[in-house]
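Visitor: Chains A and B, in that order, are what the protein sequence lines are.
According to the working numbering, the residues represented by the first sequence are 1 to 542, in order.
According to the working numbering, the residues represented by the second sequence are 543 to 1084, in order.
First the structure, then my questions, so here it is.
Number of protein chains: 2
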Amino acid sequence: MFTPMMTTPLTITSLMHHAERVNGLVEVVSVTADNPRHRYTYRDAFKRARQLANALKTLGLKPGDTVGTVAWNDYRHLEIYYAVSCSGMVCHTLNPRLFPEQLEYIINHGEDQWICIDPTLVPLIEPLKDKIPKVKGFIVMTDEAHMPDTKLDQVLCYESLIAEQSDQFDWPELDENTPAALCYTSGTTGNPKGVLYTHRSTLLHCYASICADVFGLSIKDVALPIVPMFHVNGWGMVYSAPMVGTKLVMPGPKMGDGETLCTLINEEKVTVSAGVPTVWLALLNYLQQSGSKVESLQRITSGGAACPFVVYDEMRSKYDVDVQIGWGMTEMNPLGTYNGNCPPALESLPQEELDQLRLKAGRPVFGVDIKIEGEDGQELPWDGKSSGAIKVRGPWIINEYFHYDKPTLDDDGWFETGDVGCMDEWGYLQITDRLKDVIKSGGEWISSIELENCAVNHPDVAEAAVIGLPHPKWSERPLLVVVMKEGKTIDKQEMLGWLEGKVASWWIPSDCVFVDELPHTATGKISKKDLRVQFADFQWSE
Amino acid sequence: MFTPMMTTPLTITSLMHHAERVNGLVEVVSVTADNPRHRYTYRDAFKRARQLANALKTLGLKPGDTVGTVAWNDYRHLEIYYAVSCSGMVCHTLNPRLFPEQLEYIINHGEDQWICIDPTLVPLIEPLKDKIPKVKGFIVMTDEAHMPDTKLDQVLCYESLIAEQSDQFDWPELDENTPAALCYTSGTTGNPKGVLYTHRSTLLHCYASICADVFGLSIKDVALPIVPMFHVNGWGMVYSAPMVGTKLVMPGPKMGDGETLCTLINEEKVTVSAGVPTVWLALLNYLQQSGSKVESLQRITSGGAACPFVVYDEMRSKYDVDVQIGWGMTEMNPLGTYNGNCPPALESLPQEELDQLRLKAGRPVFGVDIKIEGEDGQELPWDGKSSGAIKVRGPWIINEYFHYDKPTLDDDGWFETGDVGCMDEWGYLQITDRLKDVIKSGGEWISSIELENCAVNHPDVAEAAVIGLPHPKWSERPLLVVVMKEGKTIDKQEMLGWLEGKVASWWIPSDCVFVDELPHTATGKISKKDLRVQFADFQWSE
Ligand SMILES: Nc1ncnc2c1ncn2[C@@H]1O[C@H](COP(=O)(O)OP(=O)(O)OP(=O)(O)O)[C@@H](O)[C@H]1O
Ligand SMILES: Nc1ncnc2c1ncn2[C@@H]1O[C@H](COP(=O)(O)OP(=O)(O)OP(=O)(O)O)[C@@H](O)[C@H]1O
Ligand SMILES: [Mg+2]
Ligand SMILES: [Mg+2]
Chain A
1 MFTPMMTTPL TITSLMHHAE RVNGLVEVVS VTADNPRHRY TYRDAFKRAR
51 QLANALKTLG LKPGDTVGTV AWNDYRHLEI YYAVSCSGMV CHTLNPRLFP
101 EQLEYIINHG EDQWICIDPT LVPLIEPLKD KIPKVKGFIV MTDEAHMPDT
151 KLDQVLCYES LIAEQSDQFD WPELDENTPA ALCYTSGTTG NPKGVLYTHR
201 STLLHCYASI CADVFGLSIK DVALPIVPMF HVNGWGMVYS APMVGTKLVM
251 PGPKMGDGET LCTLINEEKV TVSAGVPTVW LALLNYLQQS GSKVESLQRI
301 TSGGAACPFV VYDEMRSKYD VDVQIGWGMT EMNPLGTYNG NCPPALESLP
351 QEELDQLRLK AGRPVFGVDI KIEGEDGQEL PWDGKSSGAI KVRGPWIINE
401 YFHYDKPTLD DDGWFETGDV GCMDEWGYLQ ITDRLKDVIK SGGEWISSIE
451 LENCAVNHPD VAEAAVIGLP HPKWSERPLL VVVMKEGKTI DKQEMLGWLE
501 GKVASWWIPS DCVFVDELPH TATGKISKKD LRVQFADFQW SE
Chain B
543 MFTPMMTTPL TITSLMHHAE RVNGLVEVVS VTADNPRHRY TYRDAFKRAR
593 QLANALKTLG LKPGDTVGTV AWNDYRHLEI YYAVSCSGMV CHTLNPRLFP
643 EQLEYIINHG EDQWICIDPT LVPLIEPLKD KIPKVKGFIV MTDEAHMPDT
693 KLDQVLCYES LIAEQSDQFD WPELDENTPA ALCYTSGTTG NPKGVLYTHR
743 STLLHCYASI CADVFGLSIK DVALPIVPMF HVNGWGMVYS APMVGTKLVM
793 PGPKMGDGET LCTLINEEKV TVSAGVPTVW LALLNYLQQS GSKVESLQRI
843 TSGGAACPFV VYDEMRSKYD VDVQIGWGMT EMNPLGTYNG NCPPALESLP
893 QEELDQLRLK AGRPVFGVDI KIEGEDGQEL PWDGKSSGAI KVRGPWIINE
943 YFHYDKPTLD DDGWFETGDV GCMDEWGYLQ ITDRLKDVIK SGGEWISSIE
993 LENCAVNHPD VAEAAVIGLP HPKWSERPLL VVVMKEGKTI DKQEMLGWLE
1043 GKVASWWIPS DCVFVDELPH TATGKISKKD LRVQFADFQW SE
């Protein structure tokens, strides 16, 4: 057959090869349990990845096998990523914040054969020892001096393991559709489900994510991925930074610690970072308390959950940092839409409207095709108000969950995201809810996310959730559940009054309850599933 | 088979679909023969592309057929690009500056069935009428009012043709390796050769080219592709701009006209542009004469030939425009290396060294794998001095020339670019020569490009070329051939003296000749092939 252009496969191996040759001198800085500030270069990283690949081979691991990781963002985790995926194996990142039963389920379901563990996380896995029979052994990510005592069997020391290996390795030539990494969903709406990324999906996602209107990563940047590498591969930054030659700064176990983050940003001159809203609240909190600044920081991505206005507003006004919203999910590698640069035609909007726009989920990145479907299965117009189920399609969208017995796609081949939202004529997506959290009152939809955002903007409110509960007259009505900031109290009337004028009057929750804390999932999201169970017997007052 | 992620094909159709939905409101501005400033939106463009696709179908054209274009950069050419490629046909862009015999050869070799012609270019094709028997007819890109008289047969008017068609069209589902566009090389070193781009190669090139460190295209930008759409698809900007939502400004037949370019830049607020060095010299010339400014312009790409220092220097110092060098070729879609943002580690170099660095061909864009090969076939180190044949590999590099009887790749599957250069440890490529132009004196290489750049920096020199001629003692020695600026004269001694201290002493050409003009190719490059013929009988003086 006549093949006019080369059909060179899109593999992570090609990315590694490029990064080593072209960006090999760029630094990677990490915080680890055994070193508060480890630094070396991409060239060093990939050399050690080859040593590790040799080591994995001597352990009997073969292409197609799965290697688990229970680890933070640091250089050894980076080496494991590349060594495993480029050997044709699957790198299965496990979320250490999952409940033990969930971890057990996922390790078994993912068929992990070896597990690489951060020394600080060994105690987490020890209790599972006898419940994960397919696991042949553990590699503890440290040197001999820092090896923990452990009850686990078949335990190897990472540094000793690779020390004896050659730094030459012939990476196999892989088809671009070879699986590279496995990640399970957060389990917010049900059991975690496995998503198996391929080399192709990872690379294309990488290309799309570094565009000027998305992460806009440059060799001039210094990136701090706070989002964990066990959370959809750290939104791909551990791939895109070496691809571009961006210096990488990784916070290790300190990802939730405002002080460490602030120090890293200032000392390493971080320009760009990414994380969930909770992290930004922690950083803001620290900045306010300490009076510190983050002068090198230009822009941050907030994703994974709706971003509170205060994060967007204070980061910009007090610290001159642009907050960019991303929307996506495990099934999307994760990027779907991004709110980066704004079309010039909209820049002249009044500040308040512009703020609203900038807090939306953003516009589809090229590669992700989106449609909004009404309850009748018809596509809805992009008019800024018609809300419906969000469906997606594209080269880094899931096709089939890993070992799953139900169909993943709809009859037309679209993936139903489980989110509900609307699109405007510029392609700005607004997420109004999760399908499972939707509140339907008197036949009309109420956005729980918008109500929550509005409640959280009250200066005394720490966290808020809205759930729909059965109602005799309206079929369902919203209930507002609020956690106050320490030492603050307000009453029901004041809380509900705060919402007046800010949302449609019939959206105002029919009641409000104050609690000490809300249930959360392993990725730190409010678990409305648990909240609904908790309020199953709630009675409306009238 | 278990396919974990969607394998949605990378097609230009998907790009068009995205651009229409997400960036549909963005403007496209063109200069045409029938309208000095036509403007509409991407939405309008793709609607008309569907009308055109219907029209092509009624003409009997089928997937796999080739449609030629002899046209400038304007909106109708844009519509043709998408209508043809997304119908599964091949869009063959013809360079109107080719000699008639070359045009005839390429039209026949490319098997063009219909040709779309700009009204101003009809006279160019008329003489070929009886020599291109496979061509079934011509579509003149204008409305009835502007139709030229012509001796061609089977001539249709573009606007009338599409006016009667529906704006609904079911684009075929294409495999991503389907050919999309055909372009012939410039014929600088021999006969033009056909390169057939696929949907996949075009899309991947697009992704790579919009990176922050390459074109860095954003929805905030306004792009003016001056490089013709018949010259490697205008370096892909007619794809990447709609992909990102960048407003597109197209100069039509006025691409060489400094005044029009300046007016377009200022009135349309152009931020980014791309073209060959000649165009930048024309623009600089106009700016100097008129005293005009180009305040919106932030950065320009210069590629296709070595960029004179004066372009880089004056654009930056007088007009605050960053000049970014790109290196590539028809066989590479065209992008190979790019000199955009500079690694922070190099930013502190002394200005002179930094200038030298910024005038190199740049660093490999992700996707292009480069190696430098010595005469013994061994790979050379990236040490900033080991010069050899540049070979490339990657998903938008040619695999086989169109209808060609010699192998296109070397035995290991690399494409030999025909260029000679060296790489440094940061991956900066320096082009020293074309393989066919290499001068070897006493066993050592002399860079004709470096000598030419140096000669052209003399304030009175308009153009300069260096060729190697046989020499009894040194086997070959360089001859400098110079065109002076109007009204200027200097003598041989002064000219050669100018080079002293700027290049190694044994590089100084053994003689210098002044001529009124140099021979050029259809893309405006100096034709050293013709120059060598012209000086075949030259005798060294001593
Ligand atoms: N910018 C955002 N605004 C609002 N919600 C967001 C945003 N980004 C992500 N989300 C929410 O996070 C979800 C994706 O999260 P993830 O893939 O981690 O698992 P999950 O959906 O929480 O868990 P599970 O699918 O197991 O129930 C999205 O479907 C969406 O509901
Ligand atoms: N930045 C640059 N600096 C120096 N030379 C360049 C640069 N960019 C491109 N070139 C030259 O242009 C060539 C590519 O041009 P193109 O594909 O238009 O055809 P051509 O090589 O001139 O013609 P042919 O291959 O038919 O002889 C490269 O091989 C290189 O020699
Ligand atoms: Mg989910
Ligand atoms: Mg060539």
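Just so you know, even glycine gets a beta-carbon here, dropped at the ideal spot from N, CA and C.
Because the structure is a prediction, the values reported are computed rather than measured.
May I have the straight-line CA-CA distance separating A:Met329 from B:Ile752, to the nearest angstrom?
Guide: Their backbone Cα atoms lie some 24 Å apart in a straight line.
Visitor: Taking the continuous beta strand (DSSP E) assigned at B:Met1026, which residues delimit it?
Guide: That run of the beta strand (DSSP E) goes Ser1017 to Met1026.
Visitor: Just mark B:Glu715 as buried or exposed, buried being the case when its beta carbon has 16 or more other beta carbons within 10 Å.
Guide: Exposed is the call here.
Visitor: Considering only DSSP beta bridges, list what B:Trp1040 is partnered with.
Guide: Answer is none; B:Trp1040 lacks a bridge partner.
Visitor: What residue ranges within the segment 561 to 612 of chain B form continuous beta strand (DSSP E) runs of no fewer than 3 residues, ordered along the chain?
Guide: Runs found: 569 to 574, 577 to 583 and 608 to 612.
Visitor: In the DSSP output, which residue or residues are listed as bridge partners for B:Tyr624?
Guide: None, per the DSSP bridge assignment.
Visitor: Am I right that A:Leu15 and A:His92 are in contact with their C-beta atoms under 8 Å? What's the rounded C-beta distance?
Guide: Not really, about 20 Å apart at Cβ, beyond 8 Å.
Visitor: Counting only the same chain and skipping the five closest in sequence on each side, list residues whose C-beta sits under 8 Å from that of A:Lys129.
Guide: If we look at A:Lys129 and ignore the five residues flanking it on each side, its Cβ neighbours are Lys151, Leu152 and Asp153.
Visitor: Please report the distance separating the alpha-carbon of B:Met548 from that of A:Ile431.
Guide: Rounded to whole angstroms, B:Met548 to A:Ile431 spans 23 Å at the Cα level.
Visitor: Answer yes or no: does any C-beta atom of chain A fall closer than 8 Å to that of B:Phe908?
Guide: B:Phe908 counts as touching chain A.
Visitor: Can you tell me whether B:Ser990 is buried or exposed, with buried defined as 16 or more other CB within 10 angstroms of its CB?
Guide: It is buried - the Cβ of B:Ser990 has at least 16 other Cβ atoms within 10 Å.
Visitor: Tell me whether B:Thr820 counts as near ligand 2, meaning its Cβ is closer than 7 Å to at least one heavy atom of that ligand.
Guide: Not under cutoff, so the answer is no.
Visitor: Could you check what DSSP says for B:Cys804 in three-state terms: helix, strand or coil?
Guide: Looking at B:Cys804 - three-state DSSP - the assignment turns out to be helix.
Visitor: Say whether chain B places a C-beta atom closer than 8 Å to the C-beta of A:His201.
Guide: Just to set this straight, residue 201 of chain A is Ser in the shown sequence, not His. Chain B, which has a Cβ nearer than 8 Å to the Cβ of A:Ser201, makes this yes.
Visitor: Smallest Cα separation from B:Ala903: which of B:Pro850, B:Met857, B:Glu921 and B:Tyr861?
Guide: Checked all of B:Pro850, B:Met857, B:Glu921 and B:Tyr861; the closest Cα to B:Ala903 is B:Pro850.
Visitor: Report the three-state DSSP secondary structure of A:Asp355 (helix, strand or coil).
Guide: Residue state, collapsed to three classes: helix.
Visitor: Give, in chain order, every unbroken run of the alpha helix (DSSP H) that is at least 4 residues long and sits entirely within the segment 271 to 334 of chain A.
Guide: For the segment 271 to 334 of chain A, whole alpha helix (DSSP H) runs of length 4 or above, ordered along the chain, are 277 to 290 and 309 to 319.
Visitor: Could you give the distance in angstroms between the alpha-carbon of A:Leu94 and the alpha-carbon of B:Glu917?
Guide: Cα to Cα, A:Leu94 sits roughly 51 Å from B:Glu917.
Visitor: Contact check, A:Ser296 vs A:Lys269 under 8 Å by CB: the rounded distance?
Guide: Rounded, the Cβ-Cβ distance is 4 Å, consistent with contact.
Visitor: Which residues mark the beginning and the end of the beta strand (DSSP E) in which B:Gln655 is found?
Guide: Its beta strand (DSSP E) spans residues Asp654 to Ile659.
Visitor: At the 8 Å Cβ level, is A:Phe402 part of the contact set with chain B, yes or no?
Guide: A:Phe402 counts as touching chain B.
Visitor: Any heavy atom of ligand 3 inside 7 Å of the beta-carbon of B:Thr1063?
Guide: For ligand 3, not one heavy atom lies less than 7 Å from the Cβ of B:Thr1063.
Visitor: Measure the beta-carbon distance from B:Ser844 to B:Trp822 and round it to whole angstroms, keeping in mind my assumption that it falls under 8 Å.
Guide: Right, their Cβ atoms sit about 6 Å apart.
Visitor: Flag A:Asn233 as yes if its beta-carbon sits less than 8 Å from any beta-carbon of chain B, otherwise no.
Guide: Not one chain B Cβ lies under 8 Å of A:Asn233.
Visitor: Note down, in chain order, every chain B residue with its Cβ under 9 Å from the Cβ of A:Glu373.
Guide: Here the premise fails: no neighbours, minimum Cβ distance about 15 Å.
Visitor: Counting contacts by CB-CB distance shorter than 8 Å, is A:Phe169 in contact with chain B?
Guide: For A:Phe169, the answer is no, since every Cβ of chain B falls outside 8 Å of its Cβ.
Visitor: Which residues does DSSP list as the beta-bridge partners of B:Ser1052?
Guide: DSSP, once it has assigned bridges, lists no residue as partnering B:Ser1052.
Visitor: Which partner residues does A:Phe415 have in the DSSP bridge list?
Guide: A:Phe415 is bridged to A:Val392 and A:Leu409.
Visitor: Is there at least one non-hydrogen atom of ligand 4 closer than 7 Å to the beta-carbon of B:Gly960?
Guide: Checking every heavy atom of ligand 4 against the Cβ of B:Gly960, one is found closer than 7 Å.
Visitor: Can you tell me whether DSSP reads B:Lys537 as helix, strand or coil?
Guide: Chain B is shown only over 543 to 1084; residue 537 of chain B falls outside these bounds and no answer can be derived.
Visitor: Using a Cβ-Cβ distance cut-off of 8 Å, determine whether B:Ile1050 contacts chain A.
Guide: It does not; no Cβ of chain A falls within 8 Å.
Visitor: Rounded to whole angstroms, what is the Cα-Cα separation between A:Thr263 and A:Leu224?
Guide: Roughly 12 Å between the two C-alpha positions.
Visitor: Taking beta-carbon pairs under 8 Å, can you tell me which members of the segment 713 to 747 of chain B lie near chain A?
Guide: Those would be Asn719, Pro721, Val737, Leu738, Tyr739, Thr740, Arg742, Ser743 and Leu746, in chain order.
Visitor: Tell me whether B:Met792 sits in a helix, a strand or coil according to DSSP, three-state version.
Guide: Strand at B:Met792.
Visitor: Would you give the residue range spanned by the beta strand (DSSP E) that B:Thr1004 belongs to?
Guide: First, the amino acid is wrong: residue 1004 of chain B is Ala here, not Thr. Taken as a continuous stretch (DSSP letters only), the beta strand (DSSP E) holding B:Ala1004 covers Val1003 to His1013.
Visitor: On the DSSP bridge assignment, give the partners of B:Met965 in chain order.
Guide: Per DSSP, B:Leu971.
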